[in-house]
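*Asks:* Just passing along the structure, written as structure tokens.
Protein chains: 6
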Amino acid sequence: MPENETRQPVRLAHLDAPSYSEWVSRGGATVILPAGAFEQHGPHLPMGTDALLSTAIAEVVAARCGAKVAEPLSYGHKSQQKSGGGNHLPGTISLDAAALIAQARCVIVGFLAQGVQNLVVLNGHYENYQFLYEAADLALGDLRAAGGGGPEPTVLLLSYWDYVSDQALAEVYPEGFPGWDIEHGGVLETSLMLHLRPELVQMGRAVSHPAAQLPRFDRLPVVPERTPSTGCLSAPDGSDARKGELLFSQVTQDLATDLRQELEIA
Amino acid sequence: MPENETRQPVRLAHLDAPSYSEWVSRGGATVILPAGAFEQHGPHLPMGTDALLSTAIAEVVAARCGAKVAEPLSYGHKSQQKSGGGNHLPGTISLDAAALIAQARCVIVGFLAQGVQNLVVLNGHYENYQFLYEAADLALGDLRAAGGGGPEPTVLLLSYWDYVSDQALAEVYPEGFPGWDIEHGGVLETSLMLHLRPELVQMGRAVSHPAAQLPRFDRLPVVPERTPSTGCLSAPDGSDARKGELLFSQVTQDLATDLRQELEIA
Amino acid sequence: MPENETRQPVRLAHLDAPSYSEWVSRGGATVILPAGAFEQHGPHLPMGTDALLSTAIAEVVAARCGAKVAEPLSYGHKSQQKSGGGNHLPGTISLDAAALIAQARCVIVGFLAQGVQNLVVLNGHYENYQFLYEAADLALGDLRAAGGGGPEPTVLLLSYWDYVSDQALAEVYPEGFPGWDIEHGGVLETSLMLHLRPELVQMGRAVSHPAAQLPRFDRLPVVPERTPSTGCLSAPDGSDARKGELLFSQVTQDLATDLRQELEIA
Amino acid sequence: MPENETRQPVRLAHLDAPSYSEWVSRGGATVILPAGAFEQHGPHLPMGTDALLSTAIAEVVAARCGAKVAEPLSYGHKSQQKSGGGNHLPGTISLDAAALIAQARCVIVGFLAQGVQNLVVLNGHYENYQFLYEAADLALGDLRAAGGGGPEPTVLLLSYWDYVSDQALAEVYPEGFPGWDIEHGGVLETSLMLHLRPELVQMGRAVSHPAAQLPRFDRLPVVPERTPSTGCLSAPDGSDARKGELLFSQVTQDLATDLRQELEIA
Amino acid sequence: MPENETRQPVRLAHLDAPSYSEWVSRGGATVILPAGAFEQHGPHLPMGTDALLSTAIAEVVAARCGAKVAEPLSYGHKSQQKSGGGNHLPGTISLDAAALIAQARCVIVGFLAQGVQNLVVLNGHYENYQFLYEAADLALGDLRAAGGGGPEPTVLLLSYWDYVSDQALAEVYPEGFPGWDIEHGGVLETSLMLHLRPELVQMGRAVSHPAAQLPRFDRLPVVPERTPSTGCLSAPDGSDARKGELLFSQVTQDLATDLRQELEIA
Amino acid sequence: MPENETRQPVRLAHLDAPSYSEWVSRGGATVILPAGAFEQHGPHLPMGTDALLSTAIAEVVAARCGAKVAEPLSYGHKSQQKSGGGNHLPGTISLDAAALIAQARCVIVGFLAQGVQNLVVLNGHYENYQFLYEAADLALGDLRAAGGGGPEPTVLLLSYWDYVSDQALAEVYPEGFPGWDIEHGGVLETSLMLHLRPELVQMGRAVSHPAAQLPRFDRLPVVPERTPSTGCLSAPDGSDARKGELLFSQVTQDLATDLRQELEIA
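Given below as structure tokens:
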């Protein structure tokens, strides 16, 4: 890696266009697009948690892979009661499917049409995933329709929690992992935020309560009482910055390894 | 204003949901939604300039008005040659109209449906404006269709440069203002960035060249040669942080005054 | 329940309109909408497997609850490599998100606007779920916009495999359950089909092979080699009609119990 | 035709993917896509009549031509008063234009992109036709945009009643054919159903009444009184299974002849 | 009717807004929206024929009923081979379904939301009809969603040829009416144009040829040879202005009578 | 230019298809598409003013350049208070963005796909512009997706007032030009109409009033009082046919010159 690149910002919004263009023209460029949400995360976490986390992960992973980070998708798909407490809660501002798909599709097409080789969608909000997948599929169709030569580009999609290792889970949840489905505003997100953005966490406002008991179906309109009054599906009891550091370090390392291997990048 | 509010972040993504909800329930809440773009801005400015500027202005204006700032729309409508150099340029990643309208519509509906009284769209990318207007119009229709009581909410839309005073222009352009149409990557944006984010400006890479001479029509596909090779429509010659401070101070002050008066807020 | 109703078909397509109308006007009517796909299921199962299974389950559950079954959504969202082998495979004919959402939205609105109290979307194709959720959410918004009195209707959404009990899994997979993610064309679907539609299963064509090893991310375009050549993500080894009967019996019973309890129906 | 093919199901949903794929790869494959509706058909016919009829016709025609039948489009476009009694009637659940077009477009693209040579849309619900036509036109555009080699595929569209011969009409309506426009729930559909699915017809519930007198214009919202209270536009007086057999036999024969000739298939 | 109204233009585009507004506020206002196409009509008729004819009929009918005429929809849905020769022909510029529906929907909503009581869509291009119907249905849904008081508005839809009487047909086609399906560029349209806009008809360029023989199905892509080389489906042999006057007079009279009676207008 | 061409109508709707086709096949054909609106223009101007003016200009320009004129887009995007008084005013019937984009996109694609070399969108309604731009951009993408050979076509877009020279402004507004933003129903439009369509102007109904004072932002819903009660943003005081002739002559001449030069046409 040439010296001057190390001084370049990993965030594309902070980079100038000719430098970006030069980087892309070298071939094999990888852009990571973080996806988040604007969603209530209980009284102790900020509403931007999902985008803050996915962007922070993206930046570190990108730095390790010679990749760059696009501006995050800050608004996500409608929060579901079984994964985010529900879209009816104050502080949750969501996109419908068409809006999220259209936005992601345009951004993916945009980068790939300019010669970016790999576009990695790094998701931090459960409800987004299938719509981001659709966006990627449609975007690749757009590129085929537009023609053009060069090697076919690649899109990868992933949610960062799929990279949490069993060992990390065992350390973070010494009494047993309660399941991803109720990890909203709970120990994982809170610990990560305490590690990455402690000034935005108000542990003094955190509330201890049993994990939500949710049915096997989804119901619309939701029965509001099924969401704990905090808006969290499990309490952040036992969260700390050390656990956050552990999770962050493990996930970013494994993710970077996976990307380098899959995309054959530096 | 109670003391504790002054310590609350002006950026809603950094605030917790119960505090947001409590703030909204007091009535008269105003949210500012900055709109930008991901667009080449020549060799000396970063690609995220438009969103960085509109967000920075939004934050200061919001702090003065007791308003809050939503996460910016980081991607904008297609850059036009006569206002942004053209959508064909590397480093410009754009949304099509449907994507931008859909995204802004959902965000505006989301806040207003939760009881926010005023939503101010603060635009920093010329090509966005009419699509944001459409989004606001459709959003208000959505709210009417959804029914619900309470006072009818208000949407304001503006582009920050419409608040630059003649006096400020005279100081910033002592040899005469060349016109907003070629203010892309020029003295205004550069000076504002030098004031607000000097670490992201590389004046050593700035290039002096005559302003672009563009026809009275738009042509598609564009004739690339009509855009100066820097991607700027006018050169940033004479930009400095002092001019940026002057512009920023004047615009934020006048804008805050306008909002307070129009929206009858603090 | 009057005697003649017991002779009424549970499938609405086989019922006449005045009988349907009379049934709805009694109040509390529940319609189950099965969702499936047209998707390759390896050499031993038919391409219509997902809709055949969800419809068969719907019919038995409906009969137990006094509900009726709408015509299934026979085409589903794009098969993903990690859950269905991939959309590139011959024999997989899929809808894009907009088409699936629009279709389900219209059907849900249609029934609820006519006074059906509960609409249960019974999903049999993993990739459909989030789009059906969006459809239900939009449909309820449509109904609110259309106004009208009466009690607010309810939509439930579920995938039938979420009702398979741990005990049933233990019996069906005596050597340990390999996980839902690779259950495509495997023991569960094959056993259910052997129980319900044995004439459509060709066990002599089934192929034994190790379960697919798939990465933690999705990749588009897919790397075809990652899908076993049969198109199944796990082999149907050990499938039999008895296991199918066990699964079918347990799932339909638990599902019927859940619906009766949640919807307060007979 | 090899012997084993004769045992293959004509319904693609009942066929396995490798057999389908092998069949397509032989070249010249023809898939028939039946389109119907979920629509009230008076007190004596089931709501699924249109899809039942078009599917039954498709299956026999396919068997004669070496074609296969895709899963029917079970929901159709909004019933019009002058052809189906009106969309306001209980038991009529319809798609709007966008939903129907999107669904049919995806299905048509799906088959043709996999190498199916001919896709025949066999319509059984008057109101569908123009939307199916649009879907076919857009689908062919999609295929052109996606590129790919091979011979250009063909789409045929037809409504089965356009194949009823004058001679058959004379036999079925000995007192003179009253016109297709009021053939909803009348002698044609009833006789066909008595032939094909007698268990779903309740002739004891049929009501004799004069044919509807409808204006030369359409009016929205409809004037409900213009539709006879049965929902049928003409009474099924004189329907019988023999007439149904006659119609079915004549139509399937002529249709198969037309397809073989037009598509140059077996 | 006050004297000054008689001098008001029947074409709304020629009227001023306050006069329009005053007229609407009197109640019972009827606006006729002509729909046409831009479509080849053989060598002797202009490409704007469909809109010219529907607009001319609308103007005379409106004058007789105290109605007004909105600007016509000048572009129509894709020409079909069996009714207009086909969309592949030079000189045929068409809208797709979404564009036509969206345009008509907005115009219909626009007038009705301002208090116009009756909106009559007067169609002059066969392929438009179902899409205009969809537009009207969606528009009425939009109005319901927007709420508002006042009497529910009415939309009528019709194609002008449905008003041609049997007697007129007998006079215009003394050797027998060949059917509406091949009336494209034939005697009806040509005679009407000779009566209404003789300066736009070039009878010297008309070509005599047998009527098109078209199959019972539609085929896409079309087989171009099935359309006569003139683009007309039947020849204009025997057209004259007198027949046009007869048709025009009869249709406008019957249509005006129907509207007055149905809409209870003057 | 052959003699017979000079007698051909400049309006394509009045031309026959073979003549059009022959003209296109000569190469370099230019079609001008006028865009207008249906919008209140005060008590003295008709609601169709914008389309009347853009079409009149298009016809003269086309005649000078050997171009042809397509049927105008008669309905425009929503009138904004700061440029057209507002969309709430009686007599303003508007399209939403999707409808306008879709319509213009289809028309542009239609002409260019048939071999027209240049399509000039000549706008006469401020609010349309960005949506027409989007339509042109999407249309060119459609053409690329459709493939096909030949030289790449060109789209030009312009608003006619951008061609008014400073000298003409000085003559028309001897006391100083008040700005384009309040030129709605004012001296420019009124004078042009007095020159071109005097029979449609009612100067006796014109009202003198100060120009509107409008804020730097847009507000939705609008504050109706900010629009003068006439609906005009400035009064037509001093309008006359001579000024109209001057403007018309200057604009059409400069526009024709620009087109000939840019498009290298006759």
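Protein chains in written order, with the working numbering: chain P, 1 to 266; chain Z, 267 to 532; chain F, 533 to 798; chain A, 799 to 1064; chain B, 1065 to 1330; chain G, 1331 to 1596.
Ideal Cβ positions, reconstructed from N, Cα and C, are used throughout, including at glycine.
(1) Could you say which of B:1095, B:1186, B:1175, B:1223 lies nearest to residue 1203 of chain B if we only look at CA atoms?
(2) Chain Z partners of residue 1346 of chain B, CB-CB under 7 Å?
(3) Any beta carbon of chain G sitting closer than 7 Å to that of residue 1166 of chain B?
(4) Under the assumption that residue 287 of chain Z contacts residue 90 of chain P (Cβ atoms under 8 Å), give the Cβ distance between them as a whole number of angstroms.
(5) As an exercise, report each continuous alpha helix (DSSP H) stretch of at least 4 residues that is fully enclosed by the region 1184-1268 of chain B, in chain order.
(6) Going by other Cβ atoms of all chains shown within 10 Å of its Cβ, with 16 needed for buried, is residue 804 of chain A buried or exposed?
(7) Report yes if the CB atom of residue 855 of chain A is closer than 7 Å to the CB atom of residue 918 of chain A, and no otherwise.
(8) Over what stretch of residues does the alpha helix (DSSP H) that includes residue 1571 of chain G continue unbroken?
(9) Can you tell me the Cα-Cα spacing of residue 1525 of chain G and residue 1368 of chain G, whole angstroms?
(10) Have a look at residue 682 of chain F and residue 394 of chain Z and give me their C-alpha separation to the nearest angstrom.
(11) Measure from the alpha carbon of residue 13 of chain P to the alpha carbon of each residue in Z:364, Z:311, Z:511, Z:457, then state which is nearest.
(12) Can you name, in chain order, every residue of its own chain whose Cβ lies under 6 Å from the Cβ of residue 775 of chain F, other than the five neighbours on each side?
(13) What do you reckon, are the CB atoms on residue 1354 of chain G and residue 1485 of chain G nearer than 7 Å?
(14) Between the Cα of residue 548 of chain F and the Cα atoms of A:1030, A:1062, A:1019, A:939, which residue gives the shortest distance?
(15) What are the boundary residues of the alpha helix (DSSP H) that includes residue 1391 of chain G?
(16) Interface residues of chain F around residue 12 of chain P at Cβ under 9 Å?
(17) Looking at the structure shown, is residue 758 of chain F part of a helix, part of a strand, or coil, going by DSSP?
(18) Between residue 3 of chain P and the rest of its own chain, which residues show a CB-CB distance below 6 Å, the 5 nearest in sequence each way excluded?
(19) Could you name the residues of the same chain whose beta carbon sits closer than 8 Å to that of residue 1511 of chain G, not counting the 5 residues immediately before and after it, in chain order?
(20) Grouping DSSP H, G and I as helix and E and B as strand, with all else coil, what is residue 112 of chain P?
(21) Quick one: using the 10 Å Cβ neighbour count with 16 as the cut-off for buried, is residue 1131 of chain B buried or exposed?
(22) Going residue by residue through the region 12-45 of chain P, where are the continuous alpha helix (DSSP H) segments of at least 4 residues, counting only ones entirely within it?
(23) Below 8 Å, how does it come out for the region 1193-1202 of chain B and the region 1150-1169 of chain B: are there three or more Cβ pairs, yes or no?
(24) Give me the Cα-Cα distance between residue 1150 of chain B and residue 1276 of chain B, rounded to the nearest whole angstrom.
(25) Look up residue 107 of chain P in the DSSP assignment and say whether it is helix, strand or coil.
(26) Sorted by chain position, which residues of the same chain lie with C-beta nearer than 6 Å to residue 799 of chain A's C-beta, five sequence neighbours on each side aside?
(27) May I have the straight-line CA-CA distance separating residue 1496 of chain G from residue 469 of chain Z, to the nearest angstrom?
(28) Strictly under 7 Å for the Cβ-Cβ distance: is residue 1436 of chain G near chain B by that measure?
(29) So, is the C-beta of residue 1080 of chain B closer than 7 Å to a C-beta in chain G?
(30) Just list the residues that DSSP pairs residue 750 of chain F with in beta bridges.
(31) Using 7 Å as the limit for Cβ to Cβ distance, is residue 1589 of chain G near chain A?
(32) Can you tell me whether residue 1335 of chain G is helix, strand or coil according to DSSP?
(33) Please classify residue 824 of chain A as buried or exposed, where buried requires at least 16 other C-beta atoms within 10 Å of its C-beta.
(34) For a cutoff of 7 Å on Cβ pairs, would you count residue 5 of chain P as touching chain G?
(35) Hey, out of B:1263, B:1075, B:1221, B:1072, whose CA is closest to residue 1339 of chain G's CA?
(36) Quick one: does the C-beta of residue 1015 of chain A sit closer than 6 Å to a heavy atom of the ligand FMN?
*Replies:* Let's see:
(1) Counted from its first residue, the fifth sequence places residue 1203 of chain B at position 139. Here the closest residue by C-alpha is B:1175.
(2) Within the shown structure, residues of chain B are numbered from 1065 to 1330, placing residue 1346 of chain B beyond reach of any answer.
(3) Position 102 of the fifth sequence, counting from 1, holds the residue named residue 1166 of chain B. So, interface residue.
(4) As a position in the second sequence, residue 287 of chain Z is number 21, starting the count at 1. As a position in the first sequence, residue 90 of chain P is number 90, starting the count at 1. Yes, residue 287 of chain Z and residue 90 of chain P are in contact; Cβ-Cβ is about 4 Å, under 8 Å.
(5) 1193-1210, 1230-1236, 1251-1260
(6) Position 6 of the fourth sequence, counted from the start, is the residue given in the question as residue 804 of chain A. Residue placement at residue 804 of chain A is poorly supported in this model, since its pLDDT is 46, which falls under 50; the coordinates are not used for a value here.
(7) For the purposes of this step, residue 855 of chain A is identified with residue 57 of the fourth sequence, where counting begins at 1. For the purposes of this step, residue 918 of chain A is identified with residue 120 of the fourth sequence, where counting begins at 1. Going by C-beta atoms, residue 855 of chain A is not nearer than 7 Å to residue 918 of chain A.
(8) As a first step, residue 1571 of chain G is located in the sixth sequence; it is residue number 241 there, counting from the start. That run of the alpha helix (DSSP H) goes 1571-1593.
(9) For this step, residue 1525 of chain G is matched to residue 195 along the sixth sequence. For this step, residue 1368 of chain G is matched to residue 38 along the sixth sequence. Their backbone Cα atoms lie some 20 Å apart in a straight line.
(10) As a working mapping, residue 682 of chain F is identified with position 150 in the third sequence. As a working mapping, residue 394 of chain Z is identified with position 128 in the second sequence. For residue 682 of chain F and residue 394 of chain Z, the distance between alpha carbons rounds to 43 Å.
(11) As a position in the first sequence, residue 13 of chain P is number 13, starting the count at 1. Selected option, being the one with the closest Cα: Z:311.
(12) Along the third sequence, read from residue 1 onward, the residue named residue 775 of chain F stands at position 243. Closer than 6 Å at the Cβ level, and outside the excluded window around residue 775 of chain F, lie 704, 723.
(13) Along the sixth sequence, read from residue 1 onward, the residue named residue 1354 of chain G stands at position 24. Along the sixth sequence, read from residue 1 onward, the residue named residue 1485 of chain G stands at position 155. Going by C-beta atoms, residue 1354 of chain G is not nearer than 7 Å to residue 1485 of chain G.
(14) For the purposes of this step, residue 548 of chain F is taken as residue 16 along the third sequence, with counting starting at 1. When each option's Cα is compared against that of residue 548 of chain F, the closest is A:1030.
(15) The residue you call residue 1391 of chain G lines up with position 61 of the sixth sequence. That run of the alpha helix (DSSP H) goes 1379-1395.
(16) Within the first sequence, residue 12 of chain P is the residue found at index 12, counting from 1. Under the 9 Å cutoff, chain F gives no residues; its nearest Cβ is about 21 Å from residue 12 of chain P.
(17) As a first step, residue 758 of chain F must be located in the third sequence, where it is residue number 226. Note: residue 758 of chain F maps to helix in three-state DSSP.
(18) Taking the first residue of the first sequence as position 1, residue 3 of chain P is located at position 3. Because residue 3 of chain P sits at a pLDDT of 40, beneath the cut-off of 50, its placement in the model cannot be relied upon, and the following sentence gives the value as read from the coordinates. Excluding sequence neighbours, residue 3 of chain P sits near nothing in its chain.
(19) For the purposes of this step, residue 1511 of chain G is taken as residue 181 along the sixth sequence, with counting starting at 1. Excluding residues within five positions, the ones whose Cβ falls inside 8 Å are 1412, 1413, 1544, 1563.
(20) Numbered from its first residue, the first sequence carries residue 112 of chain P at position 112. Correct three-state label for residue 112 of chain P: helix.
(21) Numbered from 1 along the fifth sequence, position 67 holds the residue referred to as residue 1131 of chain B. The residue is buried, with at least 16 neighbouring Cβ atoms inside 10 Å.
(22) 17-25
(23) yes
(24) Along the fifth sequence, one-based indexing puts residue 1150 of chain B at 86. Along the fifth sequence, one-based indexing puts residue 1276 of chain B at 212. Roughly 12 Å between the two C-alpha positions.
(25) Residue 107 of chain P sits at position 107 when you count from the first residue of the first sequence. Here residue 107 of chain P sits in helix by DSSP.
(26) Against the fourth sequence, residue 799 of chain A aligns to sequence position 1. Note on residue 799 of chain A: pLDDT 36, under 50, position unreliable in the model; the coordinate value appears next. Once the five neighbours on either side are set aside, residue 799 of chain A has no close Cβ partner at all.
(27) Your numbering for residue 1496 of chain G matches position 166 in the sixth sequence. Your numbering for residue 469 of chain Z matches position 203 in the second sequence. Taking the straight line joining both Cα atoms gives about 37 Å.
(28) Locating residue 1436 of chain G in the sixth sequence gives position 106, counting from the first residue. It does: the Cβ of residue 1436 of chain G has a partner Cβ on chain B nearer than 7 Å.
(29) As a first step, residue 1080 of chain B must be located in the fifth sequence, where it is residue number 16. Closer than 7 Å to some Cβ of chain G, the Cβ of residue 1080 of chain B qualifies, so yes.
(30) Locating residue 750 of chain F in the third sequence gives position 218, counting from the first residue. Answer is P:157, bridged to residue 750 of chain F.
(31) The sequence position of residue 1589 of chain G within the sixth sequence is 259, counting from 1. Answer no: the Cβ-Cβ gap between residue 1589 of chain G and chain A never drops below 7 Å.
(32) Working through the sixth sequence from its first residue, we reach residue 1335 of chain G at position 5. Note that residue 1335 of chain G scores a pLDDT of 43, beneath 50, so its modelled location is shaky and nothing firm can be said.
(33) Here residue 824 of chain A refers to the residue found at position 26 of the fourth sequence. Result: exposed.
(34) Within the first sequence, residue 5 of chain P is the residue found at index 5, counting from 1. Only weak support is given to the placement of residue 5 of chain P: the predicted model assigns it a pLDDT of 43, under 50, and the value that follows is read from those uncertain coordinates. No, no contact with chain G.
(35) Counted from its first residue, the sixth sequence places residue 1339 of chain G at position 9. Considering only alpha carbons, the answer is B:1263.
(36) Looking for the ligand FMN in the displayed structure turns up nothing, as the structure carries no ligands at all.
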